[in-house]
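Taken in order, the sequence shown gives residues 15 to 256; the numbers are from my numbering.
Think of the CB as a built atom: it goes at the ideal place given N, C-alpha and C, for glycine as much as any other residue.
Owing to the predicted nature of the structure, the values given are computational and were not obtained by experimental measurement.
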Amino acid sequence: MTDLVYTTHHKLLADDVTMYRNLRPSVLMRNLQEISIAHTEALGAGRAKTLDKGALWVVCRVRLEIEKLPCYDDEVTLSSWPGDTMRVLFPRYYQMLDKDGNTLLKASAVWLLMDAKKRKTVFPENYGVVVPGIKTGNEIPLSFGVSLGKQQNVKRFKVAYSQVDINGHMNNAKYLDCMEDVLGKDYLCAHTLKTFEIEFKSEIKFGASVRLEYTLDGDNLTMIGFVRKRPCFELKAEFANK
């Protein structure tokens, strides 16, 4: 079981936190992505079997439950482990602890393999990819998708070079920066993120014009990102007063 739980230790740096010294959500999302890729590499399902053969690991859904966001200079331990593969879907779970072993947050995600050129889901057995799953008792439920209705507000932006990752599309973590930009300084000064769920429906490429439609209702935010009429991601988040 030890080999199936991958653990990293990290001290939060200035670039990891917001102006209020809390872990930035987009950095957390990036950390989840990085530990996932590192673990699949350690399990023998990394670059040699995927990227070098034209397949990409892509996260399609993420769910997050936060007890407390760590702060600047805090020492944290992030662990991740795979659940049982569901045909072409790879569940993965996460837990972050403080230096005293207290749970700061838990997360779950669903990953898949995508053909880098065709941008379509591929079968893992065609690439010799096998990821064994375990249960630790620290799992939270997987997201089964986010489907939202009409939103109240609109904001537009164009995808910049700095927002695009190795897969040639806007990095998923950047969507959380969009969330924070919509909420603004005053709201985030008084509120902290408690739960978050996002579904990535379609990639957003460099230079695309993105239309954000969103609604903030007290402690709850919903948001859809569109390119033309195509929904590319949908998210919902719950906040609490600090």
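Annotation: Met128 to Glu213 spans about 16 Å, alpha carbon to alpha carbon. Within the DSSP secondary-structure output, Pro96 pairs in a beta bridge with Arg106. Counted as a single uninterrupted DSSP element, the beta strand (DSSP E) harbouring Leu119 occupies residues Thr117 to Asp129. Here the C-alpha atom of Gly163 lies approximately 27 Å from the C-alpha atom of Arg38.
Here Tyr86 carries a coil assignment [DSSP, helix/strand/coil]. With a cutoff of 9 Å on beta-carbon distance, Leu103 and Val124 are scored as near each other. Across the structure, Glu139 and Thr64 are spaced so that their CA atoms are roughly 11 Å apart. Rounded to whole angstroms, the separation of the alpha carbons of Arg101 and Phe137 is 8 Å. Boundaries of the alpha helix (DSSP H) harbouring Thr54: Pro39 to Ala56, taken from the DSSP string. In this structure Pro105 is in contact with Gly97, their Cβ atoms being roughly 3 Å apart against a cut-off of 8 Å.
Taking the CA atoms as reference points, Asp17 sits about 43 Å from Ser223. As DSSP reads the structure, Tyr20 sits in a beta bridge with Ser94.
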